[in-house]
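Q:
2 protein chains.
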Amino acid sequence: MEMSLSKQALGLASGLTLADASWERAISVLPGAVRRTYPANTTIAGEYHAKSSILIMTAGWAAFAKTLPNGSRLIVDFALPREIAVIEFAGKAGETITALSDVTAIELAGPVHTSFSRYPPSICEAILRAEAGRYSRVAEHLAGIGRRGAVERTAHFLLELACRSHRSATTYPDRFECPLTQADLADALGLSAVHVSRVLKTLRETALASFRYGVVELHDHAGLIKTAGFDRSYISS
Amino acid sequence: MEMSLSKQALGLASGLTLADASWERAISVLPGAVRRTYPANTTIAGEYHAKSSILIMTAGWAAFAKTLPNGSRLIVDFALPREIAVIEFAGKAGETITALSDVTAIELAGPVHTSFSRYPPSICEAILRAEAGRYSRVAEHLAGIGRRGAVERTAHFLLELACRSHRSATTYPDRFECPLTQADLADALGLSAVHVSRVLKTLRETALASFRYGVVELHDHAGLIKTAGFDRSYISS
DNA sequence: CGACACATTGAAGAGCCTCAAAAAGGGTGG
DNA sequence: CCACCCTTTTTGAGGCTCTTCAATGTGTCG
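Chains as they are written, first to last, in full-length UniProt numbering: chain A, 1 to 237; chain B, 1 to 237.
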């Protein structure tokens, strides 16, 4: 989806496949674009790092997380490479954005609403599409945490990440890199880290998927989709 | 918040308090506005009732719910009187909107994006604000289901409903009407209906709140806020 | 090699669920 | 106004899922 952003936004013929380097270079030429890097485990924005801007992720993963008064943490959504992360403070949602691995991104500074008069319509549409997709994901996430068991939920989550990192509308990758720790997974899934370890063991033993050394392998796409009850249509709306 | 919408939108002096009847009448005068009624337990929009429009709720409660492949249901958000419900199909989130009690609303038909050229800026802003608030609520909801225990979560939920139905930025009502059944509550909280009954009993026994015969009574505001870890700043962003 | 973060495993228990049955409301027709 | 039905709520008993605590194993890096 954001792929089509880049093509339209830059006035390129659709169908043309861009090499990563030129995609990145072309975006960074937009007025007001600044290249940023955030080392792993640093805060990109949050309570004491107020910020309103748009990040076009070029590398690394980031998390949008909430911390509750009781001290626990829940990751609401992720930003993957080539996705657009809209950061709004005071979006008041009280989310903290953290770099989970080394992040590089192109920043379009300023509150979102000011972007609409500054950037070409195709960029604005991409921003709106990104926000709509984000909402879809969070709603699906909510349903999963509320009504899916741990294995089901984890399988579902891995499939979502597979779709998002693979960026194909029809196929699933056999493997993809995923810089999350089991503790991160736990905070995303609303489970304890210990139980995540057990769930991953189950997935390994049932030959559905494995997650070791920072890479996820999907051994049985059909089986995973079935046990997760996964319907990818909510992604990239 | 939507109160300020109506005043600004209609060019009224701010500070003026509108009676409900005139507020309603004034909105319904907007071009393309149609008054709608939906009896309790009917579908307003969903898989087989495609619809793209904006509803300004004048009475009754509606639920945005997802149904999972495994048959269970989770209520993602509610629409209360005087709130704006944006209905987008294909918002692809796969949500079904249901009237929980008899609903009356003023409908501004058509996909949201077409509204921005048709209605005055104050209306458009109110729509955007409604959507932003909705996102905040869903994110908070997600964190609650993922990381709060049943009692905590229920208390939090009742406080949110209290704020939303009371429509004051600083105070809490002592009681408010709430047409939800315990089964609805269960689907909103990610619990079983049986357990909701027990949780409500606990809240009653600890003299925090009671929920009977369609009305919620908040007996101990401070205690509720403390046990829920409630911070109202996420509401009506 | 030692230090540190991350992952795995076991054991015990809390929390929530399911099943099942009874009680309490709420509405309808006689 | 009462008898009936249906929905909603309450309560009990038992069990599964997930959590917590604690210890051990594994990988990485200075």
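Note that CB positions come from ideal geometry on N, CA and C, so glycine has one too. Source: prediction; values computed, not measured.
Which chain A residues sit within Cβ distance under 7 Å of HIS141 of chain B?
A: Residue mapping note: residue 141 of chain B aligns to position 141 of the second sequence, counting from 1. Simply LEU142.
Q: Distance, Cα to Cα, ALA99 of chain A vs VAL29 of chain B?
A: Position 99 of the first sequence, counted from the start, is the residue given in the question as residue 99 of chain A. Position 29 of the second sequence, counted from the start, is the residue given in the question as residue 29 of chain B. Cα to Cα, ALA99 of chain A sits roughly 49 Å from VAL29 of chain B.
Q: Would you give the residue range spanned by the beta strand (DSSP E) that residue 239 of chain B belongs to?
A: Any answer about residue 239 of chain B is impossible in this case: the structure gives chain B only from 1 up to 237.
Q: Does any CB atom of chain B fall closer than 7 Å to the CB of GLY229 of chain A?
A: On the first sequence, residue 229 of chain A is found 229 positions in, with the first residue counted as 1. Taking Cβ atoms only, chain B reaches closer than 7 Å to GLY229 of chain A, which makes this a yes.
Q: Please determine, among A:SER192, A:TYR234, A:SER236, the residue with the shortest C-alpha to C-alpha distance to residue 241 of chain A.
A: What is shown of chain A runs 1 to 237, which leaves residue 241 of chain A out entirely.
Q: Specify the secondary structure class of ASP184 of chain B as computed by DSSP and reduced to three states.
A: As a first step, residue 184 of chain B is located in the second sequence; it is residue number 184 there, counting from the start. In the structure shown, ASP184 of chain B sits in a helix (DSSP, three-state: H, G or I).
Q: Using DSSP's beta-bridge definition, name the partner residues of GLU125 of chain A.
A: Residue 125 of chain A sits at position 125 when you count from the first residue of the first sequence. None, per the DSSP bridge assignment.
Q: For the beta strand (DSSP E) holding ILE75 of chain B, just list the boundary residues, first then last.
A: By 1-based counting over the second sequence, the position of residue 75 of chain B is 75. Its beta strand (DSSP E) spans residues 73-79.
Q: Quick one: grab the DSSP three-state call for TYR38 of chain A.
A: Working through the first sequence from its first residue, we reach residue 38 of chain A at position 38. In the structure shown, TYR38 of chain A sits in a strand (DSSP, three-state: E or B).
Q: Would DSSP call VAL194 of chain A helix, strand or coil?
A: In the first sequence, the residue the question calls residue 194 of chain A occupies position 194. In this structure, VAL194 of chain A counts as helix in the three-state DSSP scheme.
Q: Is it buried or exposed for ALA139 of chain A, if we count other Cβ within 10 angstroms and need 16 for buried?
A: Locating residue 139 of chain A in the first sequence gives position 139, counting from the first residue. Classification of ALA139 of chain A: buried, given that the 10 Å Cβ count is 16 or more.
Q: Buried or exposed: THR227 of chain B, going by 16 or more other Cβ atoms within 10 Å of its Cβ?
A: By one-based count along the second sequence, residue 227 of chain B stands at place 227. Buried, because 16 or more other Cβ atoms sit within 10 Å of the Cβ of THR227 of chain B.
Q: Which chain B residues sit within Cβ distance under 9 Å of ARG148 of chain A?
A: Residue numbering aside, residue 148 of chain A sits at position 148 when the first sequence is read from its first letter. Simply LEU68, ASN70, SER72.
Q: Roughly how many whole angstroms lie between the Cα atoms of ARG164 of chain B and PHE176 of chain A?
A: Here the question's residue 164 of chain B lines up with position 164 in the second sequence. Here the question's residue 176 of chain A lines up with position 176 in the first sequence. Those two C-alpha atoms are separated by around 43 Å.
Q: Do you know offhand how far ALA155 of chain B's Cα is from LEU185 of chain A's?
A: Here residue 155 of chain B refers to the residue found at position 155 of the second sequence. Here residue 185 of chain A refers to the residue found at position 185 of the first sequence. Roughly 27 Å separates the two Cα atoms.
Q: Between the C-alpha atoms of ARG35 of chain B and PRO81 of chain B, what's the straight-line distance to the nearest angstrom?
A: Here residue 35 of chain B refers to the residue found at position 35 when the second sequence is read from its first residue. Here residue 81 of chain B refers to the residue found at position 81 when the second sequence is read from its first residue. Each residue's alpha carbon lies about 14 Å from the other.
Q: From A:GLN182, A:ALA65, A:GLY60, A:GLY146, pick the residue whose C-alpha is nearest to that of GLY46 of chain A; which is it?
A: In the first sequence, counting from the first residue as 1, residue 46 of chain A sits at position 46. The shortest C-alpha separation from GLY46 of chain A is found at A:ALA65.
Q: May I ask you to list the residues that DSSP assigns as paired with residue 251 of chain B?
A: Residue numbering for chain B in the displayed model covers 1 to 237; residue 251 of chain B lies beyond these limits and cannot be assessed.
Q: Measuring alpha carbon to alpha carbon, tell me which residue in A:SER236, A:SER52, A:ARG232, A:LEU158 is nearest HIS219 of chain A.
A: Taking the first sequence and counting its residues from 1, one reaches residue 219 of chain A at position 219. Measuring from the Cα of HIS219 of chain A, the nearest candidate turns out to be A:LEU158.
Q: Name the chain B residues that come within less than 8 Å of ILE27 of chain A, Cβ to Cβ?
A: Working through the first sequence from its first residue, we reach residue 27 of chain A at position 27. Correct list: empty, because the minimum Cβ distance to chain B is about 24 Å.
Q: By the DSSP assignment, the alpha helix (DSSP H) with THR171 of chain A in it spans what residues?
A: In the first sequence, residue 171 of chain A corresponds to position 171, counting from 1. Neither: THR171 of chain A is in no alpha helix (DSSP H) and is coded neither H nor E.
Q: Report the residue from A:ALA188, A:GLY190, A:ASP187, A:GLY223 whose alpha carbon sits nearest the alpha carbon of ARG204 of chain A.
A: Locating residue 204 of chain A in the first sequence gives position 204, where the first residue counts as 1. Out of A:ALA188, A:GLY190, A:ASP187, A:GLY223, A:GLY223 has the C-alpha closest to the C-alpha of ARG204 of chain A.
Q: Here's a check: name, in chain order, each residue in its chain whose Cβ is nearer than 7 Å to the Cβ of GLY91 of chain A, leaving out the five neighbours to either side.
A: Here the question's residue 91 of chain A lines up with position 91 in the first sequence. Bear in mind that the predicted position of GLY91 of chain A carries a pLDDT of just 48, short of 50, making it unreliable; the figure below should be weighed with that in mind. Taken in chain order, the list of residues that qualify is empty.
Q: Between PHE230 of chain A and VAL76 of chain A, what straight-line distance do the alpha-carbon atoms span, to the nearest angstrom?
A: As a working mapping, residue 230 of chain A is identified with position 230 in the first sequence. As a working mapping, residue 76 of chain A is identified with position 76 in the first sequence. Spanning the two alpha carbons is a distance of roughly 19 Å.
Q: In angstroms with no decimal places, state the Cα-to-Cα distance between ALA169 of chain A and MET57 of chain A.
A: Residue mapping note: residue 169 of chain A aligns to position 169 of the first sequence, counting from 1. Residue mapping note: residue 57 of chain A aligns to position 57 of the first sequence, counting from 1. Computed Cα separation, rounded: 20 Å.
Q: Which residues in the same chain as ARG134 of chain B place their Cβ atom closer than 7 Å to its Cβ, once the five residues preceding and following it in sequence are excluded?
A: Residue numbering aside, residue 134 of chain B sits at position 134 when the second sequence is read from its first letter. Answer for ARG134 of chain B: ASP77, listed in chain order.
Q: TYR119 of chain B versus chain A: which residues are under 9 Å apart at the beta carbon?
A: Position 119 of the second sequence holds residue 119 of chain B. Chain A residues near TYR119 of chain B: none, gap ~17 Å exceeds 9 Å.
Q: Relative to the alpha-carbon of GLN182 of chain A, which residue among A:SER210, A:THR171, A:PHE116, A:ARG137 has its alpha-carbon at the smallest distance?
A: Here the question's residue 182 of chain A lines up with position 182 in the first sequence. Cα-wise, what sits closest to GLN182 of chain A is A:SER210.
Q: Is it true that the CB of LEU189 of chain B sits closer than 7 Å to the CB of GLU107 of chain B?
A: Here residue 107 of chain B refers to the residue found at position 107 of the second sequence. Here residue 189 of chain B refers to the residue found at position 189 of the second sequence. No; because the gap between Cβ atoms is not below 7 Å, this pair is not in contact.
Q: Could you please give me the residues that DSSP links to SER236 of chain A through a beta bridge?
A: The count along the first sequence starts at 1 and reaches residue 236 of chain A at position 236. Paired residues: none, contrary to the question.
Q: Taking 7 Å as the cut-off, decide whether the C-beta atoms of ILE97 of chain B and ILE44 of chain B are in contact.
A: Sequence index remark: in the second sequence, residue 97 of chain B carries index 97 (1-based). Sequence index remark: in the second sequence, residue 44 of chain B carries index 44 (1-based). Cβ distance < 7 Å, so ILE97 of chain B and ILE44 of chain B count as in contact.
Q: Look up SER53 of chain A in the DSSP assignment and give the residues it is bridged to.
A: As a first step, residue 53 of chain A must be located in the first sequence, where it is residue number 53. Beta-bridge pairing links SER53 of chain A to A:ILE87, A:ALA109.
Q: Check whether the Cβ atoms of VAL86 of chain B and GLU125 of chain B sit closer than 7 Å, and answer yes or no.
A: The residue labelled residue 86 of chain B in the question sits at position 86 within the second sequence. The residue labelled residue 125 of chain B in the question sits at position 125 within the second sequence. No. Outside cutoff.
Q: From the DSSP output, in three-state form, read off GLY46 of chain A for me.
A: As a position in the first sequence, residue 46 of chain A is number 46, starting the count at 1. Strand at GLY46 of chain A.
Q: Starting from PHE157 of chain B and walking both ways along the alpha helix (DSSP H), at which residues does that stretch end?
A: Against the second sequence, residue 157 of chain B aligns to sequence position 157. Element bounds for PHE157 of chain B: 150-166.
Q: Identify which residue in B:GLU88, B:ARG147, B:CYS178, B:GLY71 has its Cα closest to the Cα of GLU160 of chain B.
A: Counted from its first residue, the second sequence places residue 160 of chain B at position 160. Ranking B:GLU88, B:ARG147, B:CYS178, B:GLY71 by Cα distance to GLU160 of chain B puts B:CYS178 first.
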